[in-house]
Structures are given as C-alpha cells and as structure tokens.
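Note sheet for the following structure.
Chains as they are written, first to last, in this note's numbering: chain E, 1 to 259; chain B, 1001 to 1165.
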C-alpha cells in the first residue's frame, strides 16, 4: 500500500489551455490508415458531427482515502456547472434536486470514518433504464446514463429502481435560471450526467473532478475506461477498487478505492 | 298538398337566409383590427439564417426536433439547427432573451399563431455566457460589435448572463 502512487501527478492546466489542446487533438487525431480509412482518436474529443461511440466508456475513480472530511468542492462545482440550487439554499431541502452528495460513513465497530461522493454510478446495466415506461431513461453509446427530458413524464419509477438514490425530480418551476448548456425542467427526473456537455465539448473531464483536483485532494479521476492508456485505466489496474452494491452485477462506471 | 306548401316555405326561408348572409358578407364593414402582427426583430448577428426565411418560418420545428434527438441521444452538437444557436442569434437586445417579453423573437410569433411552446420550460431563453463579461468567448464573439451599445443598456451583466436567480 505504501508504494501507491498519487492519483494525479500532473498539475492542472488552465481551461483555455486545455480547450486549445483538445481542439488541437481533434484536428490531429484523425490518422489516415489507408486512403479513405481514418483512425479517429475518440477518447480525446470527437468531431462535433460524430455520434458518441461505444468504443469509449466514460468512468470515474473515487479514492475515498483522499476524500476530505467536510469538503464539498465537488458538490458545489456540480451545482455551479449544471445550475441546480444547492440543497442548503433550497426552499424545500427534502425534495431539492441533488446530482452529487457527500457521504460521511462511520464503522460502528471501529469508529473508522470514510468520506465519499455518491452520484449516478452510470451502470452498464442500469435499472433506471429497465423500468422507464417511456424510454426516457437511457444509456448513451459511451456509457453515460441520461434522462431524455423530452420524453420523461416524471413518474419517478427510475428513482425507485436506482439502488444509489442518485436521481431527483424537479418539483419547482425553474423560471429561466437554467444554464444554456444544461436544460432542466419541472416535472422531469434528473441526475449526474458526467457533465455530458463538457465531455461532448472535448474537455475530457467533469466539473467535480476539476474542483477536486483544484482543491488539491486529487480524489477523483475521470476518463475512458476502455482506453488502456488513459489515466483512469492505469489507476484502476494499480488500485484495488470496489463497486457499490457489486452484488447487483450492474458493472458500474464509478469505482471506489478505500471503502 | 299541405306537405308540399310547407316544403316550399322551408326552401324559401333557406334561400332568404343565404342571400341575407351573402349580402352581409359583401358589405364593406370596418373589419376588426385583429391580433397585433408579430414583431419580427432582425437577429443580432444580422446575417442570413441557416435556411431561407420562408423555409424556417414553416419548418423550424421539424429541423429542431430532428436535431434535438441527435443531440440528446447521440451527443451530436453541431451548430446548424441547434436551439442554442437560434437563441444566440435571436435573443432580444432589450431583454437578452428570446422569450422573456411579448415582443421577443420566439414568443412574438407564437402568441400570434396561438401555438404554445414548452421549449423554455427547460431550455434557457438567453444566450450562452455573458455578452458583457466574456467578449472574447468564442460562443458569443459575434456580439463583440454590440458591446459598446450595451454599456449604456439598463440590463445588468448578471441579467444578461442569466445568473440572477
């Protein structure tokens, strides 16, 4: 355990620089194998007219040993990026939408404390998709589980089915406070989207991961679990990780170390 | 015989009523002024729309519907036919929105045509980013020439950004 590497050794680059780099990768990523045959590097930002590909599976690694007690940088970053009101500021906290939440667990026997963020686990076999009566709850080709708000009827069956309590219903009208990139609305169920707007833009990261790295905790890693060279794949090879409720055989996109 | 007379009378009544109606219709009565015509403001960008105006007026809902499914289900976020791009161009200079006041681009026509839209139950009616705060943002760069005018505007930067809750 002592030779465990730190989760992220590289210093965070500025968003401008990252955007520039990802734009450069997009143009440089198309490698011609033969005339008319292109190998496109999908993991690092795909061309905007190209659909999400099943060659990629987005995933997240949470190192609970580095997740700090009392820190909720990931939660507030998510709220800012996606435009949901923080639960503490909500008029109705018990029913306020919550895409990610911090859990502090204590072993009653040893008093050992564990901190971790809990959100949509982006299952490969999502129960929310199985139960949805309209097909609104769906899994995108790249493994991101989403709600199509155009077809969601707000029945909340998916909220019942989710073993992780990851989904919320928007109970209140939002009165045009939504972010242009993140449409949300009353009467629809919603949950963590792995910042799909950022992923599609080619950022290759999520708001919570950026915030965790910026705060110096480096407890979160986001990336393509299908790419053996990605940072998350390397970490997953090195660290023993667990899936929450692994007994359900859902093959989760979020893996935890140190729980 | 009595039946025949009754039938003739009924026919006569019908003919008279029709004639009366036709006469009333041809009369040059002052017509009710009707609903006020929609205000169609020129897009801020001031260039050509992605399709000719006539096509867009009839078919914008079809292209938006198609693009919406591609975006949500497959993650294809091309700019053409994107609702976000409509808003970026057509947001009113006064309200910074396409649906905040009755003269704003989307609402103006839709209230005239009495077609209810629910796009803005979920979608923001305001362009991405703040025109005032990030003039060099690629998404809003085409507003750069409007910035000087905005300096005198009564709308605060927060309102433009849509962050005032």
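Glycine included, each C-beta is placed from N, C-alpha and C at the ideal position.
Euclidean distance between Cα positions of residue i and residue j
i: residue 1071/B; j: residue 243/E; result: 30 Å
i: residue 1133/B; j: residue 182/E; result: Interpretation of residue 1133/B is limited by its pLDDT of 37, a score under 50 that renders its predicted location unreliable; no figure is taken from the coordinates.
i: residue 239/E; j: residue 142/E; result: 24 Å
i: residue 1076/B; j: residue 147/E; result: 16 Å
i: residue 227/E; j: residue 120/E; result: 22 Å
i: residue 1038/B; j: residue 1048/B; result: 20 Å
i: residue 256/E; j: residue 192/E; result: 17 Å
i: residue 260/E; j: residue 77/E; result: An answer regarding residue 260/E cannot be provided, because it is not within the stretch 1 to 259 covered by chain E.
i: residue 1088/B; j: residue 156/E; result: 33 Å
i: residue 258/E; j: residue 117/E; result: 13 Å
i: residue 260/E; j: residue 125/E; result: Residue coverage of chain E in this structure runs from 1 to 259, which leaves residue 260/E outside it and unanswerable.
i: residue 41/E; j: residue 1066/B; result: Since pLDDT at residue 41/E reaches only 49, below the 50 mark, its modelled position is unreliable, and no value is offered.
i: residue 204/E; j: residue 90/E; result: 31 Å
i: residue 200/E; j: residue 209/E; result: 16 Å
i: residue 196/E; j: residue 1118/B; result: 23 Å
i: residue 175/E; j: residue 187/E; result: 13 Å
i: residue 235/E; j: residue 213/E; result: 15 Å
i: residue 152/E; j: residue 180/E; result: 20 Å
i: residue 202/E; j: residue 85/E; result: 26 Å
i: residue 1147/B; j: residue 1093/B; result: Unreliable positioning characterises residue 1147/B in this predicted model, as indicated by a pLDDT of 43, which lies under 50. A coordinate reading is not provided.
i: residue 1130/B; j: residue 1120/B; result: Note that residue 1130/B has pLDDT 48, beneath the 50 cutoff, so the model's placement of it is unreliable and no number is given.
i: residue 1042/B; j: residue 63/E; result: 53 Å
i: residue 1069/B; j: residue 1084/B; result: 14 Å
i: residue 140/E; j: residue 52/E; result: 7 Å
i: residue 1052/B; j: residue 1058/B; result: 10 Å
i: residue 247/E; j: residue 1064/B; result: 43 Å
i: residue 59/E; j: residue 113/E; result: 25 Å
i: residue 1138/B; j: residue 198/E; result: Annotation note: pLDDT 40 at residue 1138/B (below 50); position unreliable, no value reported.
i: residue 1102/B; j: residue 99/E; result: 34 Å
i: residue 21/E; j: residue 1060/B; result: Confidence at residue 21/E is low in this model, with a pLDDT of 45, below 50, so its placement is unreliable and no value can be given for it.
i: residue 88/E; j: residue 168/E; result: 15 Å
i: residue 18/E; j: residue 65/E; result: With a pLDDT of only 46 at residue 18/E, under 50, the local geometry of the prediction cannot be trusted, and the value read off the model is given with reservation. In a straight line, the C-alpha of residue 18/E is about 28 Å away from that of residue 65/E.
Residue i: contacting residues in chain B (beta-carbon distance under 8 Å)
i: residue 122/E; result: Neighbours of residue 122/E on chain B: none; closest Cβ ~14 Å, over 8 Å.
i: residue 140/E; result: 1073, 1074 and 1075
i: residue 172/E; result: None at all; the shortest Cβ gap to chain B is about 12 Å.
i: residue 183/E; result: 1122, 1123 and 1124
i: residue 200/E; result: 1075 and 1077
i: residue 203/E; result: By Cβ distance, chain B contributes nothing, its closest Cβ being about 13 Å from residue 203/E, past 8 Å.
Beta-bridge pairing of residue i - partner residues as DSSP gives them
i: residue 168/E; result: 190/E
i: residue 137/E; result: 147/E
i: residue 255/E; result: 61/E
i: residue 102/E; result: 117/E
i: residue 220/E; result: 62/E
i: residue 1115/B; result: Paired residues: none, contrary to the question.
i: residue 242/E; result: 256/E
i: residue 179/E; result: 182/E
Cβ pair residue i, residue j closer than 8 Å
i: residue 1124/B; j: residue 1040/B; result: no
i: residue 233/E; j: residue 71/E; result: no
i: residue 1106/B; j: residue 1114/B; result: no
i: residue 184/E; j: residue 83/E; result: yes
i: residue 163/E; j: residue 101/E; result: no
i: residue 211/E; j: residue 73/E; result: yes
i: residue 92/E; j: residue 217/E; result: no
i: residue 104/E; j: residue 54/E; result: no
i: residue 57/E; j: residue 224/E; result: yes
i: residue 67/E; j: residue 115/E; result: yes
i: residue 254/E; j: residue 122/E; result: yes
i: residue 138/E; j: residue 1073/B; result: yes
i: residue 95/E; j: residue 1122/B; result: no
i: residue 290/E; j: residue 61/E; result: Past the edges of chain E, shown from 1 to 259, lies residue 290/E, and the structure says nothing about it.
i: residue 1091/B; j: residue 1116/B; result: no
For residue j and residue i, believed in contact at Cβ under 8 Å, the rounded distance
i: residue 131/E; j: residue 161/E; result: 4 Å
i: residue 1111/B; j: residue 1104/B; result: So it is not a contact: roughly 10 Å between Cβ atoms.
i: residue 1050/B; j: residue 1080/B; result: 5 Å
i: residue 48/E; j: residue 1078/B; result: 5 Å
Under 9 Å by beta carbon: chain E residues contacting residue i
i: residue 1078/B; result: 48 and 49
i: residue 1128/B; result: 179, 180 and 181
i: residue 1084/B; result: 180 and 181
Closer than 7 Å at the beta carbon, the chain E residues around residue i
i: residue 1068/B; result: 150
Beta-carbon neighbours of residue i, restricted to chain B and to distances below 9 Å
i: residue 196/E; result: 1075
i: residue 63/E; result: Chain B residues near residue 63/E: none, gap ~28 Å exceeds 9 Å.
Interface partners of residue i on chain B, CB under 7 Å
i: residue 261/E; result: The structure shown has nothing for residue 261/E, since chain E only spans 1 to 259.
i: residue 186/E; result: 1121
i: residue 179/E; result: 1124
i: residue 130/E; result: Going along chain B, no residue has its Cβ under 7 Å from residue 130/E, so there is no contact; the nearest lies around 18 Å.
i: residue 227/E; result: Per Cβ cutoff of 7 Å: no residues; residue 227/E is ~17 Å from chain B at best.
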